[in-house]
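Have a look at the structure below, then the notes.
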Amino acid sequence: MSETAPARAHLTRTEGGFGRIPVTGVQPVIADGAYPAKAVVHERILIRANVFREGHDAVNASAILTAPHGSQRRVDLKQVEPMGLDIWQAHVRMASEGDWTFRVEGWSDPWGTWLHNAEAKLPLGMDLELVCMEGREVVGRAIDNAHKLGVHSAAAILEALVEVLHPETPAEELVELIESRPVARAMARFGPRDLVSATKEYPIRVERRRALYSSWYEFFPRSQYAQQHEDGSWTSGTFDSSHARLDAAAAMGFHVVYLPPIHPIGRAFRKGRNNTLTPSEDDPGSPWAIGSEAGGHDAIHPDLGDFESFDRFVSKANSLGLEVALDLALQASPDHPWVKEHPEWFTTRLDGTIAYAENPPKKYQDIYPINFDNDPHGIYHEVLRIVRFWIDRGVTIFRVDNPHTKPVEFWDWLLEEVHHSNPEVIFLAEAFTRPQMMSALGKVGFQQSYTYFTWRVTKGELTEYLTELSTSMADHYRPNFFVNTPDINPFHLQSGNPAIFAIRAILAATMSPTWGVYSGFELFEHQPNARGREEYMDSEKYEYRPRDYDAQPNLNLLMGRLNEIREDHPALQQLRDVDFHETNHDQVIAYSKHDGQDVVLMVVSLDPDNTVETVLDLDLEALGAGASAEVRVVDELTGEEYFWGRQPYVRLHPSGPAHILHVTGV
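Residue numbers (the UniProt record's numbering): 1 to 666.
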């Protein structure tokens, strides 16, 4: 006696797998939705998926955006070339901050299927009665949808079509009607959607625009109007003496002033000038050797002032439109209170000593790294307390020192905790390390990240890197192009040639929506501490460096003009829409950026020593010219106007190494 075959428990998979209309390859998705993709308010981002089905019936796709407050918006995707790859996409912008979600819905398209058949059969007189009957049924469903939503004008357009959708109507007239723009618009909005197959919801975190677009200026408060006396001793600069530098940063159009650690500095193993292990009594020590009897990460170095003077500093910055970024360096001097109060937060070696920081052959005897594994609850919550302590004092941005030497899991926890209480706060990851770690830090929530820009100098390197950052990495990694840092004196700047400083500033300010400058760059500081080393002679990390910022020559005017241009052009405030244009010279790079109607074209010499001449091969369509034979451009650096065809001739020289061209018309 045969047994009856058991009925299937379900017809489709409940988790994963293909739906009735398969939808795969959804973007932007980070770690299968474990982390939100990045966006800022009004940023143009791309939603993309592969959508297909069996047979020959038409398929279509939509993205459903859900705002933080729960309202939903449908955006229909369009199929793009090559058609055989079933790629559907649409650009979207989100108008409010918060945690959004989106899903992609694939669906059977009865109107698309009917339209394809009708366009083929009507001119041939094939199956006229059946074609018209099926058309009336599909359009009738759309009419019902339009009436239900109260859009009676669209329903009237479709009702007029139904009235003539009969075999007696001339085929040419029917084809013209079904292909007309009013009918196409009405059917796109109200046409039936069958077999709707939705993906799961994927997160997008929409943050304030400063998370994507900003200009940073870094300086040491202790150097501002620091004074050396006849006996060799020094009087430190203070928060109050730094107000003039705030005025200067604001005048140059910077948005963020970043301060290295402002906390007490330890005495044990203090480093002296040029990183010597034998400091004098007057050497101030490295600000990154945090902690002394005066306190730790929640204290201020007494030489800089007190909390009232810090509050005045923040208030002054804010009055100028500047935000204050503070260094978050999770490490300790041997004199830090944590060493006595929480020895479990450090690593004790077999000989009983606490391990100091090393990156062989480099040794940092004045710094103890934190061990995040012995007491994760304790150290995690202590860091959260410190971060919130400074947030309460007006700090809105943290530049995080060496985040790649701390567990990714810790950053995942900390950044999410801060986001829920203070979503306005921005974290910048200072991690020059392996690509996977840098990428992971971006995925778990760092709003901005340092990059390899400092070491990308050739045309090929810059093209490849900016392409990567603006495409495959853009959903989880926001670059901050610093031209130099206290730790990095790039080889290409060590000539001291002002032209290479100008070139690197122009590249950073126009390639990335966020760029940064460490003070001294504008004065062409370039001396290395040894041949073959990317470190500064007389580094400010170990000594006072008062400067005459108006000394000639300098880059003050250029940096100010670059920031002014960036402020005027939304195209330079975004990351994702970049096009490269061919040049016939290896030392000239050309690229354009666009946002809406704003288009900016950059042509930059990479040779600081010689005049270069090239012929460009412009992608006029990328410049918004369409079929036009030429474009009108205005150089934002010089004010000169040009009318350029597809292959203009360009001559650049060290004193004028670039064009920043606003494409104003065709």
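Glycine included, C-beta positions come from ideal geometry on N, C-alpha and C.
> Mind checking K362: buried by the 16 CB within 10 Å criterion, or exposed?
Replying inline: Start at 1 with the first residue of the sequence shown, and residue 362 comes out as number 362. It counts as exposed.
>> Are the CB atoms of C132 and H91 within a distance shorter than 7 Å?
In response: As a first step, residue 91 is located in the sequence shown; it is residue number 91 there, counting from the start. As a first step, residue 132 is located in the sequence shown; it is residue number 132 there, counting from the start. Contact flag unset, no.
> Taking DSSP as the reference, what is the three-state secondary structure of T485?
Replying inline: Within the sequence shown, residue 485 is the residue found at index 485, counting from 1. Of the three classes helix, strand and coil, the one that applies to T485 here is strand, per DSSP.
>> Measuring straight from C-alpha to C-alpha, what distance separates S286 and S292?
In response: By 1-based counting over the sequence shown, the position of residue 286 is 286. By 1-based counting over the sequence shown, the position of residue 292 is 292. So the two alpha carbons sit approximately 13 Å from each other.
>> Can you look up A171 in the DSSP assignment and give me helix, strand or coil?
In response: In the sequence shown, the residue the question calls residue 171 occupies position 171. A171 falls in the helix class under three-state DSSP.
>> Counting C-beta neighbours from all protein chains within 10 Å, is the total for F220 16 or more, i.e. buried, or is it exposed?
In response: Here residue 220 refers to the residue found at position 220 when the sequence shown is read from its first residue. Looking at its Cβ environment, which holds 16 or more other Cβ atoms inside 10 Å, F220 is buried.
> Could you give the residue range of the alpha helix (DSSP H) that holds E468?
Replying inline: Reading the sequence shown from its first residue, position 468 is the one you call residue 468. Note, E468: alpha helix (DSSP H), K459 to S470.
> Rounded to whole angstroms, how far is the Cβ of K38 from the Cβ of D475, which I believe are closer than 8 Å?
Replying inline: Looking up residue 38 in the sequence shown gives position 38. Looking up residue 475 in the sequence shown gives position 475. With 8 Å as the limit, K38 and D475 qualify as a contact, their Cβ atoms being about 6 Å apart.
> Closest to T235 by CA distance: which of P302, W413, F491 and T101 is it?
Replying inline: Counted from its first residue, the sequence shown places residue 235 at position 235. Closest by alpha carbon: P302.
> Taking the beta strand (DSSP E) that Y364 falls in, what are its first and last residues?
Replying inline: As a first step, residue 364 must be located in the sequence shown, where it is residue number 364. Note, Y364: beta strand (DSSP E), K362 to Y364.
> Taking the alpha carbon of V164 as the point to measure from, which residue in G150, L195, A154 and E129 has its own alpha carbon closest?
Replying inline: The residue you call residue 164 lines up with position 164 of the sequence shown. Nearest of G150, L195, A154 and E129 to V164, Cα basis: E129.
>> Let me confirm a value: M83 is counted as buried when at least 16 other C-beta atoms fall within 10 Å, else exposed. Which label applies?
In response: Mapped onto the sequence shown, residue 83 falls at position 83. M83 comes out exposed.
>> I need the straight-line Cα distance from L428 to M511, nearest angstrom please.
In response: In the sequence shown, counting from the first residue as 1, residue 428 sits at position 428. In the sequence shown, counting from the first residue as 1, residue 511 sits at position 511. Those two C-alpha atoms are separated by around 18 Å.
> DSSP three-state call for A571: helix, strand or coil?
Replying inline: One-based indexing of the sequence shown puts residue 571 at position 571. In the structure shown, A571 sits in a helix (DSSP, three-state: H, G or I).
> On the three-state DSSP scale, how would you describe Y544?
Replying inline: The count along the sequence shown starts at 1 and reaches residue 544 at position 544. The answer is coil: DSSP assigns Y544 none of H, G, I, E or B.
> Beta-carbon separation of L562 and A509 under 7 Å?
Replying inline: To locate residue 562, count along the sequence shown from 1; it is residue 562. To locate residue 509, count along the sequence shown from 1; it is residue 509. A contact, by the Cβ cut-off of 7 Å.
>> According to DSSP, K271 sits in a beta bridge with which residue or residues?
In response: Against the sequence shown, residue 271 aligns to sequence position 271. Note: K271 sits in no beta bridge, so no partner.
> Quick one: Cα of D550 to Cα of L322, how far?
Replying inline: Here residue 550 corresponds to residue number 550 of the sequence shown, with the count starting at 1. Here residue 322 corresponds to residue number 322 of the sequence shown, with the count starting at 1. Going by the C-alpha atoms only, they are around 21 Å apart.
> According to the Cβ coordinates, are R222 and D327 closer than 7 Å?
Replying inline: As a first step, residue 222 is located in the sequence shown; it is residue number 222 there, counting from the start. As a first step, residue 327 is located in the sequence shown; it is residue number 327 there, counting from the start. No, the pair does not count as a contact, with Cβ atoms beyond the cut-off.
> Looking at the structure shown, is F346 part of a helix, part of a strand, or coil, going by DSSP?
Replying inline: Against the sequence shown, residue 346 aligns to sequence position 346. The answer is coil: DSSP assigns F346 none of H, G, I, E or B.
> For E430 versus Y450, is the C-beta distance shorter than 7 Å?
Replying inline: The residue you call residue 430 lines up with position 430 of the sequence shown. The residue you call residue 450 lines up with position 450 of the sequence shown. Contact: yes.
>> Classify K340: buried if its beta carbon has 16 or more other beta carbons within 10 angstroms, exposed otherwise.
In response: In the sequence shown, the residue the question calls residue 340 occupies position 340. With fewer than 16 other Cβ atoms within 10 Å, it is exposed.
> What distance in whole Å lies between the Cβ atoms of V41 and V257, which are believed to be in contact at a cut-off of 8 Å?
Replying inline: By one-based count along the sequence shown, residue 257 stands at place 257. By one-based count along the sequence shown, residue 41 stands at place 41. Their Cβ separation, rounded to whole angstroms, is 23 Å, which puts V257 and V41 out of contact at 8 Å.
>> Rounded to the nearest angstrom, what separates L195 and M559 at their Cα positions?
In response: Indexing the sequence shown from 1 puts residue 195 at position 195. Indexing the sequence shown from 1 puts residue 559 at position 559. Between L195 and M559, the C-alpha separation is close to 56 Å.
> So Y225 and S241 are in contact, right, with Cβ under 8 Å, and what is the actual spacing, rounded?
Replying inline: Here residue 225 refers to the residue found at position 225 when the sequence shown is read from its first residue. Here residue 241 refers to the residue found at position 241 when the sequence shown is read from its first residue. Rounded, the Cβ-Cβ distance is 4 Å, consistent with contact.
> What is the rounded straight-line gap between the Cα of R193 and the Cα of D109?
Replying inline: For this step, residue 193 is matched to residue 193 along the sequence shown. For this step, residue 109 is matched to residue 109 along the sequence shown. In a straight line, the C-alpha of R193 is about 6 Å away from that of D109.
> Relative to the C-alpha of S280, which residue among I290, P123, S495 and R267 is closest?
Replying inline: One-based indexing of the sequence shown puts residue 280 at position 280. For S280, the nearest C-alpha among the options comes from R267.
>> Would S333 pass as an interface residue toward chain B - the criterion being a Cβ-Cβ separation below 7 Å?
In response: Absent from the structure: chain B. Only one protein chain is present.
> Which residue from I506, L259 and P570 puts its Cα closest to that of P486?
Replying inline: If you number the sequence shown from 1, residue 486 lands on position 486. Looking at the Cα atoms, L259 is the closest of the given residues.
>> Tell me the rounded alpha-carbon separation between R245 and N556.
In response: As a position in the sequence shown, residue 245 is number 245, starting the count at 1. As a position in the sequence shown, residue 556 is number 556, starting the count at 1. If I take the Cα positions, the gap works out to 12 Å.
>> Can you confirm whether the segment 564-578 touches the segment 598-609 when touching is taken to mean that 3 or more C-beta pairs between the two stretches lie within less than 8 Å?
In response: yes
> In whole angstroms, what separates the C-alpha of Q227 from that of G305?
Replying inline: By 1-based counting over the sequence shown, the position of residue 227 is 227. By 1-based counting over the sequence shown, the position of residue 305 is 305. Going from the Cα of Q227 to the Cα of G305 covers about 16 Å.
> Anyone know if the C-beta pair for L46 and Q89 falls short of 7 Å?
Replying inline: Counting from 1 along the sequence shown, the entry for residue 46 is found at position 46. Counting from 1 along the sequence shown, the entry for residue 89 is found at position 89. In contact: L46 and Q89 (Cβ atoms closer than 7 Å).
> Helix or strand or just coil, what does DSSP make of A39?
Replying inline: For this step, residue 39 is matched to residue 39 along the sequence shown. Reduced to three states, the DSSP call for A39 is strand.
> Counting along the chain, where does the alpha helix (DSSP H) carrying L507 start and finish?
Replying inline: Within the sequence shown, numbered from 1, the residue matching residue 507 stands at position 507. P498 to M511 is the span of the alpha helix (DSSP H), which, as asked, contains L507.
> In chain order, what residues of the same chain have a beta carbon less than 7 Å from the beta carbon of L384, not counting five sequence neighbours either side?
Replying inline: Position 384 of the sequence shown, counting from 1, holds the residue named residue 384. Cβ within range, chain order: L414 and E417.
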